[in-house]
Amino acid sequence: MNRIMPICGTRPEAIKMAPIVKALQASDLFRIVPDHHLNIIQPRQMLNGVLTRTYTGLDAIFTRKKPDAVVQGDTTTAGAMAAFYFGIPVSPGESGEV
Numbered sequence: 002m003n004r005i006m007p008i009c010g011t012r013p014e015a016i017k018m019a020p021i022v023k024a025l026q027a028s029d030l031f032r033i034v035p036d037h038h039l040n041i042i043q044p045r046q047m048l049n050g051v052l053t054r055t056y057t058g059l060d061a062i063f064t065r066k067k068p069d070a071v072v073q074g075d076t077t078t079a080g081a082m083a084a085f086y087f088g089i090p091v092s093p094g095e096s097g098e099v
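First residue of the sequence shown: 2, per my numbering; consecutive thereafter.
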C-alpha cells in the first residue's frame, strides 16, 4: 500500500485539501486531525523562519515515515521542496488532483 502524505500550511489550504484527505483516509470531513503539527507559527515571524521550521520538521517526519508521495497544499511550497530534496514524488493538491 502506498503511503501518501498530504501537506497543508493554512486553514484555506486545509479546506481545499479536505476532499483529498477524506479520500485518502476514508474518514468524515470534519474528523480530519493532523497526524503531525510542526508548530511553525511564531510572533513576528519572517518567511525564512517559516521555511526553516517547515524543512526541519518535515525532514524528521519524512525520515521516520518514508512516504511514497506527498500531496502539496501549503502556501510556501516548502512541503513540495522538502519532498523533492528527499526524492519523494509530489502531486499538486491545489488543483484537486492526486
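Cβ coordinates follow ideal geometry from the N, Cα and C atoms, glycine included.
Rounded straight-line distance, which links the Cα of residue j to that of residue i
i: Pro44; j: Pro90; result: 33 Å
i: Pro20; j: Glu14; result: 11 Å
i: Val22; j: Pro7; result: 7 Å
i: Met47; j: Phe85; result: 23 Å
i: Val51; j: Arg12; result: 16 Å
i: Leu25; j: Val71; result: 12 Å
Beta-bridge partners of residue i, as assigned by DSSP
i: Ala70; result: Ile5
i: Pro93; result: Gln73
Environment of residue i [buried if 16+ CB atoms lie within 10 Å]
i: Val34; result: exposed
i: Met18; result: buried
i: Gln73; result: buried
i: Ile16; result: exposed
i: Ala79; result: buried
i: Ala81; result: buried
Other residues of its chain near residue i: CB distance less than 6 Å, five sequence neighbours each side excluded
i: Ala83; result: Tyr56, Leu59
i: Ile62; result: His37
Cβ distance (whole Å) where residue i is taken to contact residue j below 8 Å
i: Ile5; j: Pro68; result: 7 Å
Proximal residues to residue i (C-beta, below 7 Å), its chain only, five neighbours per side dropped
i: Phe87; result: Phe63
i: Arg54; result: Leu39, Ile41
Contacting residues, own chain, Cβ-Cβ under 8 Å from residue i (five flanking each side not counted)
i: Lys66; result: Arg4, Met6
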